[in-house]
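Heads up: the protein sequence lines correspond to chains U and P, in order.
First residue of the first sequence: 0, per numbering that gives the first Met the number 0; consecutive thereafter.
First residue of the second sequence: 0, per numbering that gives the first Met the number 0; consecutive thereafter.
Ideal placement from N, C-alpha and C gives every residue a C-beta, glycine not left out.
Number of protein chains: 2
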Amino acid sequence: MSLLAKSEENARPRLRKADRRSQILQDLKLRPHIRISELADQFRVSTETVRRDVDELGRAGLLNRAHGGVSASAHGHYPDLDARSRECFAERERIGRRAAMLIEAGDTLMIDGGSTTMQFARFLAFNETPCTVVTNSLPIALTLGRSSAAEIILCPGEYLASESAVVGADAVEYLASHNVDRCFIGASGLSTTGLSESVRGFAAVKKTMLAHSKTHYALIDGGKFGKTGLSRVGELSTLTSIIVDRTPEPTLMTALTDANVEILIAPEGEHD
Amino acid sequence: MSLLAKSEENARPRLRKADRRSQILQDLKLRPHIRISELADQFRVSTETVRRDVDELGRAGLLNRAHGGVSASAHGHYPDLDARSRECFAERERIGRRAAMLIEAGDTLMIDGGSTTMQFARFLAFNETPCTVVTNSLPIALTLGRSSAAEIILCPGEYLASESAVVGADAVEYLASHNVDRCFIGASGLSTTGLSESVRGFAAVKKTMLAHSKTHYALIDGGKFGKTGLSRVGELSTLTSIIVDRTPEPTLMTALTDANVEILIAPEGEHD
DNA sequence: TGAAAAATGTTGGAATATCCACATTGCTGA
DNA sequence: TCAGCAATGTGGATATTCCAACATTTTTCA
Numbered sequence: 000m001s002l003l004a005k006s007e008e009n010a011r012p013r014l015r016k017a018d019r020r021s022q023i024l025q026d027l028k029l030r031p032h033i034r035i036s037e038l039a040d041q042f043r044v045s046t047e048t049v050r051r052d053v054d055e056l057g058r059a060g061l062l063n064r065a066h067g068g069v070s071a072s073a074h075g076h077y078p079d080l081d082a083r084s085r086e087c088f089a090e091r092e093r094i095g096r097r098a099a100m101l102i103e104a105g106d107t108l109m110i111d112g113g114s115t116t117m118q119f120a121r122f123l124a125f126n127e128t129p130c131t132v133v134t135n136s137l138p139i140a141l142t143l144g145r146s147s148a149a150e151i152i153l154c155p156g157e158y159l160a161s162e163s164a165v166v167g168a169d170a171v172e173y174l175a176s177h178n179v180d181r182c183f184i185g186a187s188g189l190s191t192t193g194l195s196e197s198v199r200g201f202a203a204v205k206k207t208m209l210a211h212s213k214t215h216y217a218l219i220d221g222g223k224f225g226k227t228g229l230s231r232v233g234e235l236s237t238l239t240s241i242i243v244d245r246t247p248e249p250t251l252m253t254a255l256t257d258a259n260v261e262i263l264i265a266p267e268g269e270h271d
Numbered sequence: 000m001s002l003l004a005k006s007e008e009n010a011r012p013r014l015r016k017a018d019r020r021s022q023i024l025q026d027l028k029l030r031p032h033i034r035i036s037e038l039a040d041q042f043r044v045s046t047e048t049v050r051r052d053v054d055e056l057g058r059a060g061l062l063n064r065a066h067g068g069v070s071a072s073a074h075g076h077y078p079d080l081d082a083r084s085r086e087c088f089a090e091r092e093r094i095g096r097r098a099a100m101l102i103e104a105g106d107t108l109m110i111d112g113g114s115t116t117m118q119f120a121r122f123l124a125f126n127e128t129p130c131t132v133v134t135n136s137l138p139i140a141l142t143l144g145r146s147s148a149a150e151i152i153l154c155p156g157e158y159l160a161s162e163s164a165v166v167g168a169d170a171v172e173y174l175a176s177h178n179v180d181r182c183f184i185g186a187s188g189l190s191t192t193g194l195s196e197s198v199r200g201f202a203a204v205k206k207t208m209l210a211h212s213k214t215h216y217a218l219i220d221g222g223k224f225g226k227t228g229l230s231r232v233g234e235l236s237t238l239t240s241i242i243v244d245r246t247p248e249p250t251l252m253t254a255l256t257d258a259n260v261e262i263l264i265a266p267e268g269e270h271d
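In C-alpha cells form, the structure reads like this:
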C-alpha cells in the first residue's frame, strides 16, 4: 500500500484503514480521550468502522478502549516502545515499583530513557516524592510532569523517535554539566562483562549519567541476563545496585557479588 | 472552597468528598481512563455522587471528562492546553494547515510550544516535508517524530508540565546557539503594540527564537486580536507574516500593514 | 439542640454507545 | 472479467450513561 492521501487533497479519497489508524494514534497525542462518534465524524465513516479500528488498535495495545471512545495508552507513546512494554510488563512494573521505593524527598536523579525506567517514573509520579530529575526521555518527563512534586530537567539533543528520547553530543554535554545523587538506567544486556546497550546513541548517554552520579542503579529484567548489546556501557563494578525481577544465574551472580554490586529483587507485587 | 479547608482540619478517616477526589486523581496516574460506574463501585457511592465529583474536578481543570468516565491528561496533555485546544479547534487546525504549506524541503525551523503551533506540527508531520526543526515543545517533538522526514532538535531546560514544554535559561541559551530560516510562534495576544505572551517563561523563549531566525511567523487565532498578555514578545515590525483565521479589525489591520507584516488568512478548510 | 447548608441518593426519560446479523461496496488476483 | 474476500454501511435490540428535579441523609454552626 503506497502513501496516497496527500497527492489528491481536493478529491479527498477517504482515508484507508491504516491511515485512519495512524491518524487516531496521532490525535491521541493531542488529547487524552476521543469519542467514537467524533472520529466517525472526522473520517466520514460509520461508527461501526471506527469501532472496528479502535478495537483492533486496542487489541494491539496501542490505545485504551473506554466506553464511548478511546484514551491514550498509559504505557508509552510509541509502537516500538509499546511493543517492548507489553513483553514482561508485569516484571518491569515490579522493578519500577521497587526502584521508586528507594527515592527520598529531595533526591536528585538522572533517569535514562527506556521501557523499564518508564515504569519507574510512573511510580515515582504516583508517590509524589519531591525530587529533581534530569532525563533524556520525553515520556518520562511527561509522566513525571503529572506529579506536582517533581522538578524535571530535560536534556537537549537530536530527538530519536523510535525511543522517544534525545541523544547526541548536546545531550551528553548537557548531562556532563550536572551532578546528581543517583542515576537509574536500563540496558539491553547484563553479562559478566558488564552493562551493554544496543540502541545507537544511548550508550554514550548512559555512560555520561553514570559518570556524573554518586550512585548507580541499573533496572534490568531477567530476560536481559547474559545478553550483550552493541556497545558496552560500563563494567559491573561501576554499578551500585541492580534492581531485577529474579535471581541471576550463578555465574552472573558470582560476577556481581565479586564486583560488589547490591542485588535488589523486586517482590511479587501485591496490588495497591 | 472554604468547606474543603474545614474537612481537612478535622481529618476524619471516612471517605469524604475531598478524599474521593484525591483518590480519583491518584488513580488516574496509573490508568489513563476510569469509568464513572467503576469509581462509584470503588467508593460505594452512587454514580451521581461520582459524577458531581468529576464534574467539579473537570471544571477545576484537574482531569478530563469523557463520556462514561474520566481520563487523565496522559502524554503531556494538560488541563491548560486541553481546555484551550478544544476552543477554536477548527480555527487552529486551519491556521496550522495553512502554515504547513509554507514549508519547503530542507528548511530549518524553530517552533514554539502552544496549541496552535501544535496543529502546525501535525500537518508538517503529515506532509512529510524533509526539514530540521528546533523546538521547546514535547508534544511537537513527539508528533513530528512520526514523520521520518523531519530531523528534530529539542531544547534543554526546566520542564513546564502545564505547557508540556521546556523553558528557562538553558532553553534560551541553547536556542541562541542555533540559527534557522524560519520560526513559528504562537502568542497570548496580538495588538497594535505587538505580540505578547502570558505564560511565564515563554516570552523569553519566543524572543530568542525571533532573534535567531531569518523570517518570523506568528500563528494567531482571531480570539487573540486586541488582547495583551503579561510580557511583550516583540513589536509588530519584527514579524514577517501572521497566519490567522480571519481578518483583524481595522485598527489592528492598519497597524499591521504599517509595520509591513504580511497577513495570511487560512482558508475555510474541509474537514479531514 | 435545632435549623440551615451541604452532601448524597433516587428516579425517570433522553441521549448515546454497544453489539450483532446481514447487506453492500470495493479491492485484488486468477 | 469475474469470483472471492476484505472493508464498510445499515438497522434494530440492548445496555450504559447523562441530566435534571426532587428526596433523603449527614454535617455544620448558631
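For Ser163 (chain U), the C-beta contacts it makes with chain P under 9 angstroms involve Ala140, Leu141, Gly144, in order along the chain. Judged by DSSP in its simplified three-state form, Met109 (chain P) adopts strand. Sequence-distant partners of Leu153 (chain U) (beyond 5 residues in either direction) whose C-beta falls short of 6 angstroms from its own C-beta, in its chain, are Ala140. When the alpha-carbon of Ile151 (chain P) is set against those of P:Asp111, P:Gly185, P:Glu157, P:Val171, the nearest one is in P:Asp111. The region 194 to 202 of chain P and the region 116 to 123 of chain P do not touch, with fewer than 3 CB-CB distances between them shorter than 8 angstroms. Annotation: Cβ neighbours of Cys154 (chain P) in chain U (cutoff 7 angstroms, chain order): Pro155. Residues of the region 231 to 250 of chain P whose Cβ lies closer than 8 angstroms to any Cβ of chain U: none. Taking 9 angstroms as the cut-off, the Cβ atoms of Val171 (chain U) and Thr207 (chain U) count as close.
The beta carbons of Ile33 (chain P) and Asp26 (chain P) sit about 6 angstroms from each other, so the pair counts as a contact at 8 angstroms. Shortest Cα-Cα distance from Ala258 (chain U) to any of U:Ile219, U:Asn126, U:Ser190 involves U:Ser190.
Contact between Leu174 (chain P) and Val132 (chain P) does not hold, since the beta-carbon distance rounds to 12 angstroms and is not under 8 angstroms. A Cβ-Cβ distance of about 6 angstroms is found for the pair Pro31 (chain U) and Pro31 (chain P), placing them in contact under the 8 angstroms criterion. Rounded to whole angstroms, Glu37 (chain U) and Val165 (chain U) show a C-alpha spacing of 34 angstroms. For Ile139 (chain U), no beta strand (DSSP E) run applies; the uninterrupted alpha helix (DSSP H) run containing it begins and ends at 137 to 144, by DSSP. Straight-line spacing of the CA atoms in Leu209 (chain U) and Leu194 (chain U) works out to 11 angstroms. Taking a Cβ-Cβ threshold of 8 angstroms, the residues of chain U close to Arg34 (chain P) are Ala65, His66, in chain order. By the neighbour-count criterion, in which a residue is buried when 16 or more other Cβ atoms sit within 10 angstroms of its Cβ, Asp54 (chain U) is exposed. The beta carbons of Leu56 (chain U) and Arg20 (chain U) sit about 6 angstroms from each other, so the pair counts as a contact at 8 angstroms. According to DSSP, residue pairing for Thr214 (chain P) in a beta bridge involves P:Arg181.
Any Cβ of chain U closer than 9 angstroms to the Cβ of Ala160 (chain P) would place that residue at the interface, and such an atom is present.
Distance check between Thr237 (chain U) and each of U:Ala217, U:Asp244, U:Arg245 places U:Ala217 closest, using alpha-carbon atoms only.
Neighbours of Ile151 (chain U) in chain P, taken as residues at a C-beta separation under 8 angstroms, are given in chain order as Glu157, Tyr158, Ala160.
If only uninterrupted alpha helix (DSSP H) runs of at least 4 residues are considered, those enclosed by the region 186 to 245 of chain U are 201 to 210.
Among the residues facing chain P, Leu137 (chain U) is included, as its CB has a counterpart in that chain under 9 angstroms away. Residue range 156 to 159 is occupied by the beta strand (DSSP E) that includes Gly156 (chain P). Residue contact with chain U for Ala71 (chain P): present (Cβ-Cβ distance below 9 angstroms to some residue of chain U). Taken in chain order, the members of the region 167 to 192 of chain U whose beta-carbon sits within less than 7 angstroms of a beta-carbon on chain P are Tyr173.
Boundaries of the beta strand (DSSP E) harbouring Ala149 (chain U): 149 to 153, taken from the DSSP string. When the Cα atoms are used, Ile184 (chain P) and Leu62 (chain P) turn out to be separated by approximately 27 angstroms. Excluding the 5 residues flanking it on each side, Arg50 (chain P) has same chain C-beta neighbours closer than 8 angstroms at Ile35, in chain order. DSSP places Val133 (chain P) in the uninterrupted beta strand (DSSP E) bounded by 130 to 134. With a cutoff of 9 angstroms on beta-carbon distance, Gly113 (chain U) and Glu157 (chain U) are scored as not near each other. The beta carbon of Thr107 (chain P) lies closer than 6 angstroms to those of Thr131, Val179, Asp180 in the same chain, with the five residues before and after it left out. Cα atoms of Glu92 (chain P) and Lys16 (chain P): separation of roughly 39 angstroms, rounded to the nearest angstrom.
In terms of Cα proximity to Ser146 (chain U), the closest of P:Ala71, P:Arg43, P:Gly222, P:Ala99 is P:Ala71. Straight through space, the alpha carbons of Thr246 (chain P) and Leu101 (chain P) are spaced by roughly 19 angstroms.
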